[in-house]
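Asks:
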Amino acid sequence: RRRRRLFEIAEADGCRKMALGHNQDDVIETFFINVCYAGEISTMVPAQSFFDQRFVVIRPLAYAPAATVRRLAREIGLPRIVNPCPSAENSRRRQIRDLLAGLYRSNRKVRGNIFNALHNVKREYLLKP
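Residues in the sequence shown are numbered consecutively from 56, following the working numbering.
#1: So if DSSP puts F105 in a beta bridge, which residue, or which two residues, is it bridged to?
#2: Tell me the rounded alpha-carbon separation between R126 and R160.
#3: Check the C-beta distance from Y118 over to Q79 and give it rounded, since I have them as a contact under 8 Å.
#4: Within its chain, find whatever has a CB closer than 8 Å to the CB of P115; leave out the 5 residues flanking it on each side and keep chain order.
#5: If you reduce the DSSP assignment to three classes, tell me which class A172 lands in.
#6: Starting from the C-beta of F86, find all residues in its chain whose C-beta is less than 8 Å away, skip the five residues before and the five after it, and write them out in chain order.
#7: Could you check what DSSP says for A122 in three-state terms: helix, strand or coil?
#8: Just reading off the alpha helix (DSSP H) that A74 is part of, what are its end residues?
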């Protein structure tokens, strides 16, 4: 619903390109959401076309860890924005984030390894459709 509304607003304002603040953690979380709940290996990418290329979404922070983005935002004095969605704390993303937090605590290389795996795919070791 939020994405649809974003495109409706962009269309009404005549915008074709939108920059979103998704970061490396969002990319990783989306990958696990798609694996666990959609049964597919996919995630969001730094530049993506929608609706026969009527819109382009860019994610300039896609390679930056969330902690880095938060630190830089604090340093330049950006206000902290809290997600107003009442179900945000009980969402699938929250469940995945909590699961990943345990993995990250167990080994500091896990986050980087997961992110690197998203562009280091060995297709010959995946099941054939």
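Even for Gly, the Cβ is constructed at its ideal location relative to N, Cα and C.
Everything numeric in this text was worked out from a predicted model, so none of it was measured.
Replies: Put simply:
#1: F110
#2: 19 Å
#3: 6 Å
#4: A74 and P101
#5: In the structure shown, A172 sits in a helix (DSSP, three-state: H, G or I).
#6: I96, S97, T98, I169 and L173
#7: helix
#8: In the DSSP assignment, A74 falls outside any alpha helix (DSSP H) and lies within the beta strand (DSSP E) extending over K72 to A74.
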